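Below is one structure; the comments refer to it alone.
Number of protein chains: 2
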Amino acid sequence: MTKVHNFSAGPAILPAEVLQQASEACINFDNLNLSILEISHRSKNCIAMVDEAKDLVKELLGFKDGYQILFLGGGASMQFAMAPYNLLRTEGTAGYVNTGAWATKALKEANKIGKTLVVASSEDKNFNYIPKGYEIPTDLDYLHITSNNTIFGTQMKHFPKTSIPLVSDMSSDIFSRKIDGNDFSIIYAGAQKNMGPAGATMVAIREADLGKTSRKMLSMLDYQVHIKAESMYNTPPVFPIYVSMLTMRWLKKNGGIEAMEKLNQLKADTLYAEIDRNSMFKGTTAVEDRSNMNVTFVMNKPELEAEFDKLSKVANLSGLKGHRDVGGYRASIYNALPLESVNALIEVMQEFEKKSS
Amino acid sequence: MTKVHNFSAGPAILPAEVLQQASEACINFDNLNLSILEISHRSKNCIAMVDEAKDLVKELLGFKDGYQILFLGGGASMQFAMAPYNLLRTEGTAGYVNTGAWATKALKEANKIGKTLVVASSEDKNFNYIPKGYEIPTDLDYLHITSNNTIFGTQMKHFPKTSIPLVSDMSSDIFSRKIDGNDFSIIYAGAQKNMGPAGATMVAIREADLGKTSRKMLSMLDYQVHIKAESMYNTPPVFPIYVSMLTMRWLKKNGGIEAMEKLNQLKADTLYAEIDRNSMFKGTTAVEDRSNMNVTFVMNKPELEAEFDKLSKVANLSGLKGHRDVGGYRASIYNALPLESVNALIEVMQEFEKKSS
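Quick note, the sequences are listed as chains A and B, same order. Residues in the first sequence are numbered from 12 upward in steps of one, following the numbering used here. Residues in the second sequence are numbered from 12 upward in steps of one, following the numbering used here.
Quick look at the structure:
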């Protein structure tokens, strides 16, 4: 089969060996002669698998005691609601740094639950940069940030320093670079970018920050209910958790986050260098805020896009179309994307430049 | 490999050919040379797959115009909250028929949202029967029922006749018998029993019944938000939907619900006949309310359970342990379980009777 270079923004490329293991477990999981798709989530083997996934998250993000790991359904969009639902007091205010479409959605949900304050925003320039130098009031119930903006191609290189609980949506750059998980109150991430397939969302919670609201909570929206049931209050999304666990195992085996961060930096540097060099393209974001995960760029002569698309197709490049809010192109270069695929894209960019200039 | 007879209550047995197709799609979906786990949910092939799943639900349940099909994360437990959240008016009352642990949980969530009325209950006899002959007030916002009670092994053979919107949790007997979907306002079902693997919940909604509350709704809990986005408001649980779609295709190819209902009746009749005949066992529920999906039975001499368990293990019978609320045994005999597995269980029951009497 021809190799497809998968630049999809999410659901996104996963390691070939993980896909192979996932495929095999659909027939026979853990030598039980049963599929992973048809065993009880309360079986010994399934519980051990979910526990391994939790332990890997703890290890990869360096959590000390006091953190609980959940794998929930509903995507990061559910966390846009659950974070304020669990943390925002009736009399309190939540702070938001608005750096893009997803941050805006998170803010919108919080507004339905309580009072919010936009501490900083880059909406004035279509979110093409990360705000800096803003003040964070110390009486907020929490500060919500988005570590990487999948659509706009920006990434927070440094996290706000603050004494209030920090909540981060890390859906599109979790496990891509070294962070200290203990700096955060809540980290959540939809699995379908750097962690696994669609259908599971990882939520890491500093348990001491919970229980401060008086809200009467729906069970499925209550972190404490899920924590008490060890992430099995209801039947969890078993297979998406399994594939996430396999991907974390793969990551650990391949040098862990340090090795991944180096490779991601190399891939990003290589691709951005070509964007800056190539006379046909230009980047869309502030240089210092460029994402190492989602590389956004546009064509200097947009009327030639069809020609570039044709060359991309011939070279088996997939998933390059930019989001409608930015236009142009977006190359998502998550952990599992090899440098080889970045080079394949660069070759096409260079071929296109030669043909067109 | 030795054949395992999988009587798990859920996640539960799926057809072997579906598991094979699922396994293959983890490597190469739709001949794209990409895994189903790594393609965009907005890609042409993925949208076509989800559309096929919706169409199959409509066909199998016989829905006329006006119904919308969603596949959501969060399980049936999320629907315990979403149904009242979307249907129960501030000034209204919701009716519940309480037939077991899951119905009780559904009621508990509704109580957090508004006023409820328990129209009928079988709690007085540990839920071992289905209440009958009760009156349904006509001024309720809706009536909630549980068509099959996985834990207690009872099944509603006839649905309440009423003019008010009928909401049914059909998690454990969806697609197992002929019903007219148009009798219901909402049908929801966690996939992981008769429909597919864990991680997706099907919700069928009569759209005209929505929009009657004044509640300010969180987006992810608002059916209308999901309907407007054609079940892709956020990234859906792609793989669980895919396997559900494959299972529905398999069902249709094998004679549809009519053929399945006949086979299910035969499996249930065969197994209940043995329970009634065998001097070592007895059923736990009212005979007329026995579930054709979850067959619950206990031993007349519970001290011999370990001996029976040993024989079951040798015969590769899996997942027979009863729920702690009932004790004894539970054989879940969902659509995908072949008659051959029921016969294997009966052989062990007979062998045990011979040895023990």
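For each residue, glycine too, the CB sits at the ideal point set by N, CA and C. These numbers come from a predicted model, not from an experiment.
A direct Cα-to-Cα measurement between A:D191 and B:L81 gives close to 38 Å. In this structure the region 346-362 of chain B lies against the region 17-27 of chain B, because at least three pairs of beta carbons, one per stretch, are closer than 8 Å.
The alpha carbon of B:A211 has as its nearest neighbour, out of B:P248, B:L232 and B:T101, the alpha carbon of B:P248.
Distances from the alpha-carbon of B:A114 to those of B:T165, B:K126, B:D180 and B:M228 put B:D180 closest. Nearest C-alpha to A:M89 among A:L232, A:K126 and A:E362: A:L232. DSSP places B:H334 in the coil class of the three-state scheme, outside both helix and strand.
The Cβ of A:V61 sits no closer than 7 Å to any Cβ of chain B. Take the alpha-carbon of A:D320 and the one of A:Q31: they are about 30 Å apart. According to the DSSP secondary-structure assignment, A:L154 is paired through a beta bridge with A:G106 and A:L177.
Taking C-alpha positions only, B:L128 is separated from B:S174 by approximately 17 Å. In the DSSP assignment, A:M206 falls outside any alpha helix (DSSP H) and carries neither an H nor an E. In this structure the region 54-66 of chain A does not lie against the region 215-231 of chain B, because fewer than three pairs of beta carbons, one per stretch, are closer than 8 Å. For B:T258, the number of other beta carbons within 10 angstroms of its own is at least 16, and it is reported as buried. Spatial neighbours of B:Y96 in its own chain (CB-CB distance under 6 Å, excluding positions within 5 residues in sequence) are listed in chain order as I124 and L232. Counting C-beta atoms within 10 angstroms of its own C-beta, B:S343 has 16 or more neighbours from the protein chains shown and is therefore classed as buried. For the C-beta of A:V254, the chain B residues within less than 7 Å are, from N- to C-terminus, L48. Separation of A:D184 and A:L72 (C-alpha to C-alpha, rounded to the nearest whole angstrom) is 12 Å. The region 106-113 of chain B makes no contact with the region 263-270 of chain B; the number of CB pairs closer than 8 Å stays below 3. Taking C-alpha positions only, B:P208 is separated from B:L154 by approximately 28 Å.
B:K366 has its alpha-carbon roughly 49 Å from the corresponding atom of A:Q235. Between A:Y345 and A:K204, the CB-CB gap stays under 7 Å.
For a cut-off of 8 Å, the C-beta gap from B:E364 to B:S290 is around 6 Å, short enough to register as a contact. Considering only A:K126, A:G21, A:I24 and A:D41, the residue with the shortest C-alpha distance to A:Y253 is A:D41.
By the 16-neighbour rule on beta-carbons within 10 angstroms, B:P148 is exposed. Where B:M259 is concerned, there is no enclosing beta strand (DSSP E), although the alpha helix (DSSP H) around it starts and stops at V249 to K264.
One alpha carbon belongs to B:G339, the other to A:R226, and they sit about 40 Å apart. Around the Cβ of B:P313, a 10 Å sphere holds fewer than 16 other Cβ atoms; the residue is exposed. Per DSSP, the unbroken beta strand (DSSP E) holding A:A215 starts and ends at T212 to R217. The beta carbon of B:H52 lies closer than 7 Å to those of M243, T246, P247 and V249 in the same chain, with the five residues before and after it left out. Chain order gives the chain A residues near B:I38 as L30, Q31 and S34, where near means a beta carbon separation below 8 Å. With a threshold of 7 Å between beta carbons, B:L45 makes contact with chain A. Of the residues A:I38, A:A23, A:N44 and A:N39, the one whose Cα lies closest to the Cα of B:T13 is A:N44.
Take B:S133, set aside five residues on each side of it, and the residues of its chain with a beta-carbon closer than 6 Å to its own are T110, Y140 and P142, in chain order.
At least one CB atom of chain A sits nearer than 7 Å to the CB of B:N245. A:G267: member of the alpha helix (DSSP H) spanning G267 to R288, first to last residue.
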